[in-house]
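J.: I have a structure here, written as structure tokens, and I will follow up with some questions on it.
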Amino acid sequence: MLIERLKAVSCGFMPLFTSDQLPHYPNALLYGYGIKEVIVQIPGQRGRKPKPKLLPPSDLLYAQVVKRRQRGRVVEVTKKVVFGCPETVQARLAASTVSKTINTSFVERNNLTCRQCNGRLSRKVLSFSKDLTWMEKHLWLSLTYYHFVLPHSSLAQPLPEPQPTRGSGSLKKSQPVTPAMMAGITDHIWTMEEMLSYRVPPDFRNDLEQQQIVHNLQAFHPRC
Numbered sequence: 370m371l372i373e374r375l376k377a378v379s380c381g382f383m384p385l386f387t388s389d390q391l392p393h394y395p396n397a398l399l400y401g402y403g404i405k406e407v408i409v410q411i412p413g414q415r416g417r418k419p420k421p422k423l424l425p426p427s428d429l430l431y432a433q434v435v436k437r438r439q440r441g442r443v444v445e446v447t448k449k450v451v452f453g454c455p456e457t458v459q460a461r462l463a464a465s466t467v468s469k470t471i472n473t474s475f476v477e478r479n480n481l482t483c484r485q486c487n488g489r490l491s492r493k494v495l496s497f498s499k500d501l502t503w504m505e506k507h508l509w510l511s512l513t514y515y516h517f518v519l520p521h522s523s524l525a526q527p528l529p530e531p532q533p534t535r536g537s538g539s540l541k542k543s544q545p546v547t548p549a550m551m552a553g554i555t556d557h558i559w560t561m562e563e564m565l566s567y568r569v570p571p572d573f574r575n576d577l578e579q580q581q582i583v584h585n586l587q588a589f590h591p592r593c
């Protein structure tokens, strides 16, 4: 479902994927971007026709960060290109404005942020979720708060002229900004009341529920 949603919002552009060595990632990428193998049945050959496999397209780039551990500690970190050629991966990294090396630091930092905002995602705590439905609801709530309600100091925009504050405090030199404001989705910082009373458009909810139904069908019936 994550790969399908990524394809829907990337306008045909295929990004460079990086991850650790969890074996589910290559399968998910092949399921989302893979091309079915063309099998030519040889005349006169007996037996069942081989089942076609999913092959990675030439523009699919995927690299892994390989960590070798000894007694629970990381002693060596290497890089491995799974899909694509190393030269193409390095060229994509050289043109990137975010990172010049294969790493997982961005997604790991995002995971830490999500755990700090949502206790249900923390490890070895009593606030873990016992039901997937309520965990999803809490996740939507915490992500909305993080992007619409919480100003980020790193996004603050300097004011043309310092403005006075209440009382005898120091002058205000910057304007607080949220990620949603920086992305152009909204023009102000939302309050908790505004966030909790916002009515989600029916079309968005219907599309989301439809994607969930299709995902569940495919999980239990792969032929669907």
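Plus 369 on top of the position in the sequence shown (first one is 1) and you've got the numbering used here.
Cβ coordinates follow ideal geometry from the N, Cα and C atoms, glycine included.
1. Can you list, in chain order, the stretches of the alpha helix (DSSP H) that have 4 or more residues and sit fully within the stretch 373-425?
2. Could you check the C-alpha separation between Asn575 and Met370 for me, to the nearest Å?
3. Could you have a look at Met370 and say whether DSSP puts it in helix, strand or coil?
4. Looking at the unbroken beta strand (DSSP E) that takes in Ser511, where does it start and where does it end?
5. Throw me the rounded Cβ distance for the Leu528 and Lys542 pair, which I believe falls under 8 Å.
6. Look up Gln439 in the DSSP assignment and give the residues it is bridged to.
7. Can you check which of these residues, Val546, Glu530 and Ala549, is closest to Leu540 by C-alpha distance?
8. Using only the alpha-carbon positions, how far apart do Val446 and Leu391 sit?
9. Under 7 Å Cβ to Cβ from Asn472, same chain only, skipping five residues before and after it: list those, please.
10. Checking the sheet assignment: what are the DSSP bridge partners for Tyr431?
11. Check each candidate in Ala460, Met504, Glu477 and Thr513 and name the one with the smallest Cα separation from Val569.
12. Along the chain, where does the alpha helix (DSSP H) that runs through Ser474 open and close?
13. Taking the straight line between their C-alpha atoms, what separation do you get for Leu385 and Leu565?
14. Output yes or no for whether 7 Å exceeds the beta carbon distance between Glu406 and Leu429.
15. With 16 as the cutoff for other CB atoms within 10 Å, does Arg592 come out buried or exposed?
16. How would you write the range of the alpha helix (DSSP H) that Pro520 sits in, first residue to last?
17. Is Pro548 helix, strand or coil when you go by DSSP?
T.: Once the coordinates are examined:
1. 393-402
2. 15 Å
3. coil
4. First-last for Ser511: Leu501 to Thr513, but that is the alpha helix (DSSP H), not the beta strand (DSSP E).
5. 6 Å
6. Arg442
7. Glu530
8. 15 Å
9. Thr387 and Val434
10. Phe386 and Phe452
11. Thr513
12. Ser474 to Cys486
13. 36 Å
14. no
15. Unreliable positioning characterises Arg592 in this predicted model, as indicated by a pLDDT of 46, which lies under 50. The coordinate reading is nonetheless provided below. That one is exposed.
16. From DSSP, Pro520 is part of no alpha helix (DSSP H); its letter is neither H nor E.
17. helix
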